[in-house]
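Just remember that my numbering sits 8 ahead of the position in the sequence shown, which is counted from 1.
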Amino acid sequence: MKIVTWNINGVRARIGNLTHWLTESAPDIVCLQEIKTVDEQFPRAEIEALGYNVETHGQKGFNGVAILSKLRFDEVNRGLPGDDADEQARFIEGVFSTDKGALRVVSLYLPNGNPIDDEKKFPYKLSWMARLERWAQERLRLEEALVLAGDYNVIPEPIDARFPENWLGDALFQPQTRQAFRRLLNLGFTEAVRAVTDASDTYTFWDYQAGAWQKNNGIRIDHLLLSPEAANRFSSASIEKHVRAWEKPSDHVPVAIDLALQPA
């Protein structure tokens, strides 16, 4: 089963790229971030025509997450628990039946947090990560295959940036951010890409500015975390980097994993 995360950076602006990629890559489950649309305006017809079920958690103009799946949804949960005042659309969970039991897949879009001296933005990022950690602890007790996929806005290690020194003042690379990501991993998750390669120049995002793509001035901020039950079924991970060279690209590219699971 192929599961992919992709920050699409505006699904309506890139629906042509998305449908072309769905046909080319043929994923079973896709986690999208930054769909930047309300649920009612999500271009579901074009995607459903390709055989996907669609569930969204949208928001006007920014944020927004979605899951596209060839499998039928057994359950859908929207919004990260723990803060009833949080209205930002950054979290959606789908539950599916497989030959090995339940599969839970989350599409998440973690807050950026910049600028770090803002009295709200960086604290919001850290509090969101703390909520995610508490939620993940609860879900791990179910002992099910769980995939936390998305744009984490976290550069885990210096190797994950072409020029780490350029990110020292950025929320994505702050010690508190990286520590919160490690705490999440230390609950028992496997970070899929780093489980298969320790190579540098392994990036998922290239800014639109200053020829970052052409110079390979990238960072790795899109991650898939696997529970022990998912990691036991994990066979490969890959970054579909060529998509960044398409016309009107997102500044992120799809990151894919394969799990030895079949629909029930």
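C-beta atoms are modelled at their ideal positions from N, C-alpha and C, and glycine is treated no differently. Please read all numbers here as calculations on a predicted model, not as lab measurements.
Note: N61 is bridge-paired with S77 in the DSSP secondary-structure output. Between F242 and I37, the alpha-carbon positions lie close to 15 angstroms from each other. Across the structure, D126 and K133 are spaced so that their CA atoms are roughly 11 angstroms apart. Around Y160, the same chain offers L116, L118, F189, I229, D230 and H231 as residues with beta carbons nearer than 8 angstroms, after the five sequence neighbours per side are excluded. A Cβ-Cβ separation of about 6 angstroms places V113 in contact with I11 under the 8 angstroms criterion. The beta carbons of K44 and G72 sit closer together than 7 angstroms. Between I124 and A74, the C-beta spacing is not below 7 angstroms. When the five nearest sequence neighbours on each side are left out, the beta carbons in the same chain lying within less than 7 angstroms of the beta carbon of R22 are those of I16, K256 and S258, in order along the chain. For the alpha helix (DSSP H) assignment, the uninterrupted runs of no fewer than 4 residues enclosed by the stretch 181-207 are, from N- to C-terminal side, 183-193 and 200-204. Residues V38, I55, L58, Y60 and L76 of the same chain have their beta carbon placed closer than 8 angstroms to that of L30, with the five preceding and five following residues left out of the count. About 7 angstroms separates the CB atoms of R20 and Q49; that is less than 8 angstroms, so the two are in contact. Across the structure, E63 and Q184 are spaced so that their CA atoms are roughly 33 angstroms apart. Contact between A157 and I163 does not hold, since their C-beta atoms are separated by about 17 angstroms, which reaches or exceeds 8 angstroms.
The shortest C-alpha to C-alpha distance from K68 to any of E42, L150, L193 and L267 is the one to E42.
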